[in-house]
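Participant: Under the numbering used here, the first residue of the sequence shown is numbered 5, with each subsequent residue one higher.
The beta carbon of each residue, even a glycine, is placed where N, CA and C say it ideally should be.
Because the structure is a prediction, the values reported are computed rather than measured.
Questions regarding the structure given below will be posed in turn.
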Amino acid sequence: MYDLLLKGGMVVDGTGAPAYRADVAITDGVITEIGSLNGAAREVLDADGALVTPGFVDPHTHYDGQATWDHQLAPSCWHGVTTAILGNCGVGFAPVRPDRHDFLIQLMEGVEDIPGTALHEGIKWSWESFPEYLDVLASKPRILDIGTHLPHGSVRAYVMDERGAANELATADDITRMARIAEDAMRAGALGFSTNRLPSHTAKDGRPVPGTFADDDELLAIGRAMARGGGGVVEVVSAESMGVVDGGYRRDIDWATALSVETGLPITFCLTQIDNHPDRWRDVLKWIDGARAKGANFVVQTAGRPLGILVGLTTKHQFSGRRSFDEVADLPLPQLVAALRDPERKARILAEPSEAAGIGRLLGRLADKAWPLDDPPNYEPEAADSVAAIAADRGISVDEVYYDLYLRHDGRQLVLFTLGGYGNRNTDHIVDLLSYDSSILGLADGGAHVSLICDASTSTSLLSYYVRDRRRGRRLDLETAVRKMTSGPARLYGLHDRGVVAVGKKADLNVIDFDRLNVRMPEVVADLPTGAKRIVQRADGYVATIVAGAVTLCEGEETGALPGRLVRRGQS
């Protein structure tokens, strides 16, 4: 008798092969038969008219702290993700000295915009070494599987202490100790090692992530140690990944090529469009092709939507700091909206000078990069619909347009401000990058930038928009899109038991009503420790998500099953 039988679904198996209609049988957490099946089952799920895909493997999340207290790891779990990989961008929480907990928290808060108060409250430190951290992660039941990189920033801070935080050059002894930690981490089951070369990624004190300026000797020594420990993926955030350091991509590809050719380690390179060089990604792909021709193993991970932040009354905006706004800023949202709708107060707020720096200043100066987010959300808006275009059409200031927009939907309206990945005011480059043979979907940043971003829903957008709904340009075929989220990242990370719907594979699956698949509007909730706020986004159309043969969510609602575990490299 089968444990679970999925009847009549259209199987998109994750390999890129054409979809086909079949039943899928599951026993003891493993796919046991595929075809026209009539055997008895303890549970039968009607998948007629629905897609059956492998569970999605998200290679780029930041649940490093949240995974120690939270079983759910939302919003990723709501979007078909059954395996989430942590420890990206060179930041994380192990190894750590007992007196350096605060440093790693303020590093994570600065780089990934995760509230430090929530991390201080939520994390119960019971580890020092990286293997001990893995053991803590392994002890927690959860909805989905997780695995993690060893973060360069944590290793450097552990070995070099303040010298590491200050990005001083490592000594020979420092490098030897870092290499030993890397080797031990791989033996314990780390999925890889992440390094961040981007100077604008800084801790709360303004200093770049430890390792940002590490020289080739340090990186090569760590890579050799990884190979000795059994291998793993090297994740690289390039110095030029946000257009900050001209020539950064070229230099990072050079050292990564040398490392990969010597050790055989796979490199996953974060690549998106940057606005000051909108076609630089084309150059990078040519350089990577050259590296692959030399024997380097490169896999590009790219974003499924523009890099954008969500601004509004429930997140951040340019009116904070103006006296007439601050007088009512602490009111509950309904009362705040009522106060802001008063014409006299509106006039005063708009007339007062803004003290806002950063986001506030950018919103005014770059209003042609800001769009009201509709329902359903549109992440490829037309230039004619921008805040700047609305202001010009109405003959009013951009500040007034923002003000009026923020009051829509009872104050819950959000405005998408594109920081990058929208230089040509379209997303043709996303389709092109995902059509590149050696690419996967990544950079969703689940768990990070929680006060301004929610891109953990990108997997849903990829299918609903880039496969089904896009009209502004070329679309992706269904089989390719699924492969980029399943067998592609699974194979990269050596997770050979998943990512494909095939007999003998782990029964991590999604049953999807493709016709009604959609992302909902993002919303702000206060559910982190200490009541800290974050943006979340749900979806429609996921009939069921299955992990290790257990249905974990039905129509987006938890069933109570917690089959998720820590995945260690070499043990999947």
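If you draw a straight line from the alpha carbon of A98 to that of E348, how long is it in whole angstroms?
Facilitator: Those two C-alpha atoms are separated by around 53 Å.
Participant: Using only alpha-carbon positions, find the residue among A21, V249, G196 that is nearest to H205.
Facilitator: It is V249.
Participant: By the three-class DSSP mapping on this structure, what secondary structure does Y406 have?
Facilitator: The answer is helix: DSSP assigns Y406 an H, G or I state.
Participant: So, does the segment 445 to 460 touch the segment 43 to 57, judging by three or more C-beta pairs under 8 Å?
Facilitator: Judged by Cβ distances under 8 Å, the segment 445 to 460 makes no contact with the segment 43 to 57, as fewer than three pairs qualify.
Participant: Note down, in chain order, each residue of its chain lying with its Cβ closer than 6 Å to the Cβ of G233, except the 5 sequence neighbours on either side.
Facilitator: Result list for G233: E187, M190, R191, in chain order.
Participant: Tell me, to the nearest whole angstrom, how far the beta carbon of I257 is from that of I292; I am working on the premise that it is less than 8 Å.
Facilitator: Indeed, because the Cβ distance is near 6 Å, the residues count as touching under 8 Å.
Participant: Are the segment 441 to 453 and the segment 296 to 308 in contact at 8 Å, needing three or more beta carbon pairs?
Facilitator: The segment 441 to 453 is in contact with the segment 296 to 308.
Participant: Would Y546 and G84 qualify as a contact pair, given that the criterion is a beta-carbon distance under 8 Å?
Facilitator: Yes, they are a contact pair.
Participant: With three or more C-beta pairs closer than 8 Å as the rule, is the segment 313 to 326 touching the segment 408 to 428?
Facilitator: Because the criterion of three Cβ pairs below 8 Å is met, the segment 408 to 428 and the segment 313 to 326 touch.
Participant: Is any heavy atom of the ligand NAD found at a distance shorter than 7 Å from the C-beta of T65?
Facilitator: This structure does not include the ligand NAD; it has no bound ligands of any sort.
Participant: Determine the extent of the beta strand (DSSP E) in which E527 is found, giving its start and end residues.
Facilitator: That run of the beta strand (DSSP E) goes 527 to 529.
Participant: Work out the CA separation of G126 and G247 for me, nearest whole Å.
Facilitator: Each residue's Cα considered, the two are about 35 Å apart.
Participant: Is DSSP giving L496 helix, strand or coil here?
Facilitator: Three-state DSSP puts L496 in a helix.
Participant: Kindly identify the DSSP beta-bridge partner or partners of H281.
Facilitator: Bridge partners of H281: I278.
Participant: Starting from N514, follow its DSSP beta bridges and name the residues at the other end.
Facilitator: For N514, which the question treats as bridged, DSSP gives the partners T57, T549.
Participant: Taking N280 as the reference, give the member of L141, A374, L423 with the closest Cα.
Facilitator: Closest option to N280, Cα to Cα, is L423.
Participant: Roughly how many whole angstroms lie between the Cα atoms of R475 and D62?
Facilitator: Whole-angstrom Cα-Cα distance: 26 Å.
Participant: Buried or exposed: V507, going by 16 or more other Cβ atoms within 10 Å of its Cβ?
Facilitator: Classification for V507: exposed.
Participant: Does the Cβ of S465 have 16 or more other Cβ atoms within 10 Å, making it buried, or fewer, making it exposed?
Facilitator: S465 should be labelled buried.
Participant: Once you ignore the five residues that flank P79 on each side, which residues in its own chain have a CB closer than 8 Å to its CB?
Facilitator: Result list for P79: G450, C458, A460, S461, V540, Q541, R542, in chain order.
Participant: What are the uninterrupted segments assigned as beta strand (DSSP E) that are 3 or more residues long and contained completely in the segment 391 to 472, given in chain order?
Facilitator: The segment 391 to 472 contains these whole beta strand (DSSP E) runs: 419 to 424, 443 to 445.
Participant: Return the chain-ordered list of same chain residues with a C-beta closer than 7 Å to the C-beta of A392, the five sequence neighbours on each side being excluded.
Facilitator: The residues are A371, D372, V402.
Participant: Please determine, among Y469, Y162, L344, the residue with the shortest C-alpha to C-alpha distance to Y383.
Facilitator: The residue with the shortest Cα to Cα distance from Y383 is Y469.
Participant: Whole angstroms is fine: what's the gap from M164's alpha carbon to L154's?
Facilitator: Taking the straight line joining both Cα atoms gives about 16 Å.
Participant: Quickly, what does DSSP pair N301 with across the bridge? List them, please.
Facilitator: According to DSSP, N301 bridges with P270.
Participant: Beta-carbon of T87 versus every beta-carbon of chain B: anything under 8 Å?
Facilitator: The structure shown contains no chain B, having only a single protein chain.
Participant: Could you tell me the distance, in whole angstroms, from the CA atom of P376 to the CA atom of A388?
Facilitator: Those two C-alpha atoms are separated by around 12 Å.
Participant: For the segment 125 to 186, list the beta strand (DSSP E) runs that are entirely contained and at least 3 residues long, ordered along the chain.
Facilitator: 149 to 155, all fully within the segment 125 to 186.
Participant: Can you give the Cα-Cα distance for N171 and E483, rounded to whole angstroms?
Facilitator: Cα-Cα distance, rounded: 44 Å.
Participant: I'd like the list of long-range same chain contacts for V48, defined as Cβ closer than 7 Å, with 5 residues on each side in sequence excluded.
Facilitator: Excluding residues within five positions, the ones whose Cβ falls inside 7 Å are L9, K11.
Participant: On the DSSP letters alone, give me the boundaries of the beta strand (DSSP E) that V240 sits inside.
Facilitator: Residues 237 to 241.
Participant: Can you pull the DSSP bridge partners for F197?
Facilitator: Paired residue(s): L154, V238.
Participant: Using 8 Å as the threshold, is the C-beta distance between R46 and L566 below it?
Facilitator: No, the Cβ-Cβ distance between R46 and L566 is not below 8 Å.
Participant: Residue range of the alpha helix (DSSP H) that T484 falls in?
Facilitator: From DSSP, the alpha helix (DSSP H) with T484 extends over 482 to 489.
Participant: I'd like to confirm the pairing. Which residues does DSSP put opposite I292 in its beta bridges?
Facilitator: I292 pairs with nothing; no bridge assigned.
Participant: Do N514 and T549 have their beta-carbon atoms positioned less than 8 Å apart in this structure?
Facilitator: Yes.
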